[in-house]
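Engineer:
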Amino acid sequence: MSDELKYYRDLTTVMWKTRGARFGAAASLSFKDRVGIGTAAFLSTYMIGWSVASLAFPDFFTSVRGSVLNIVSIVSSVALLAITLMEFAFGRSLKAQILHQNALSISVIMRDLERELAKAVPELDKLKQLASQYEQLNLETQVNHTAQDYKRWQYSVASSKEWWMMPILFVRYNIYRVWIFISSMFIYIGLCILIVVATTWCAFGL
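What follows is the structure, given as structure tokens:
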């Protein structure tokens, strides 16, 4: 009996960790999806601006800098198409919704399990039923969080009895979070920076 109860108490911990990692993964995917949409919007606006500028200043586009700007505009149009296809293939928005809903469902099962374990004499049949519901939920989800998502969650809940360690843990968590974002979105970030720098140089000769 005690061994079985220990198993279910450990299961609540597993649920807590999984829920936290999936809430974090859903938030991360949702943010990346917004960045992808923002990048596509930026490129679309850039192309419209370039078209208007080429009509307003036709002589400029026959110069060397104008030729460079023409190349940048071509790269932007190709990048816009590529990013649109990539965003469709990644399906971040849908995955974020699935993981968020899964985390909410895990919360419900976890609370029921905790309430049952808090009873003086927990019902094993009820505990087994809740454990089966959790397993079935994971099987039906079809989307899982990554090791990076789990590690980020671990950093977010890390604590220490030493007060001076808390700022260090906070900084570590934010550095890791930023690193994950940059490493997965560096193409988007680099492309926007390249276009802005090249356009600024071509337009103002800086």
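Add 5 to the 1-based position in the sequence shown for my numbering, that's all there is to it.
No residue lacks a Cβ here, since even glycine has one placed at the ideal position from N, Cα and C.
Owing to the predicted nature of the structure, the values given are computational and were not obtained by experimental measurement.
#1: Measuring alpha carbon to alpha carbon, tell me which of Thr205, Ala58, Ile200, Leu135 ends up nearest Phe83.
#2: Are there 16 or more other CB atoms within 10 angstroms of the CB of Thr23, so buried, or fewer, so exposed?
#3: Hey, how far is the Cα of Ile180 from the Cα of Lys124?
#4: Given a cut-off of 8 Å on the beta-carbon distance, is the pair Met20 and Ile114 in contact?
#5: Would you give the residue range spanned by the alpha helix (DSSP H) that Trp21 belongs to?
#6: Would you call Arg97 buried or exposed, if buried means 16 or more other Cβ atoms sit within 10 Å of its Cβ?
#7: Helix, strand or coil, according to DSSP, for Ser188 in the structure here?
#8: Under 8 Å by Cβ, that's how I've got Trp158 and Ala32 pegged, so tell me the actual separation to the nearest angstrom.
#9: Grab me the residues of Gln147's own chain with a C-beta within less than 8 Å of its C-beta, minus the 5 sequence neighbours each way, in chain order.
#10: Can you give me the C-alpha to C-alpha distance between Thr67 and Leu74, rounded to a whole angstrom?
#11: Per DSSP, what kind of secondary structure is Glu167 in: helix, strand or coil?
#12: Just how far apart, CA to CA, sit Ala163 and Ile111?
#13: Name the two residues that bound the continuous alpha helix (DSSP H) containing His105.
#14: Given a threshold of 16 other Cβ atoms within 10 Å of its Cβ, counted over all protein chains shown, does Phe175 qualify as buried or as exposed?
Structural biologist: So, to answer that:
#1: Indexing the sequence shown from 1 puts residue 83 at position 78. Sequence inspection shows Val at residue 83; the Phe mentioned does not correspond to that position. It is Ile200.
#2: Taking the sequence shown and counting its residues from 1, one reaches residue 23 at position 18. That one is buried.
#3: Position 175 of the sequence shown, counted from the start, is the residue given in the question as residue 180. Position 119 of the sequence shown, counted from the start, is the residue given in the question as residue 124. Rounded to whole angstroms, Ile180 to Lys124 spans 42 Å at the Cα level.
#4: As a working note, residue 20 is residue 15 in the sequence shown. As a working note, residue 114 is residue 109 in the sequence shown. Yes.
#5: Counting from 1 along the sequence shown, the entry for residue 21 is found at position 16. Unbroken alpha helix (DSSP H) run through Trp21: 7 to 61.
#6: Counting from 1 along the sequence shown, the entry for residue 97 is found at position 92. Buried is the call here.
#7: In the sequence shown, counting from the first residue as 1, residue 188 sits at position 183. In this structure, Ser188 counts as helix in the three-state DSSP scheme.
#8: As a position in the sequence shown, residue 158 is number 153, starting the count at 1. As a position in the sequence shown, residue 32 is number 27, starting the count at 1. Between Trp158 and Ala32 the beta-carbon gap is near 11 Å, outside 8 Å, which marks them as no contact.
#9: To locate residue 147, count along the sequence shown from 1; it is residue 142. Within the same chain, Gln147 has close Cβ partners Ile103.
#10: Translated into positions along the sequence shown, residue 67 becomes position 62. Translated into positions along the sequence shown, residue 74 becomes position 69. Their Cα atoms are separated by approximately 10 Å.
#11: Stepping through the sequence shown from its first residue, residue 167 is reached at position 162. Of the three classes helix, strand and coil, the one that applies to Glu167 here is coil, per DSSP.
#12: Position 158 of the sequence shown, counting from 1, holds the residue named residue 163. Position 106 of the sequence shown, counting from 1, holds the residue named residue 111. Looking at the two C-alpha atoms, the distance is approximately 22 Å.
#13: Residue mapping note: residue 105 aligns to position 100 of the sequence shown, counting from 1. That run of the alpha helix (DSSP H) goes 97 to 122.
#14: To locate residue 175, count along the sequence shown from 1; it is residue 170. Its Cβ having fewer than 16 others within 10 Å, Phe175 is exposed.
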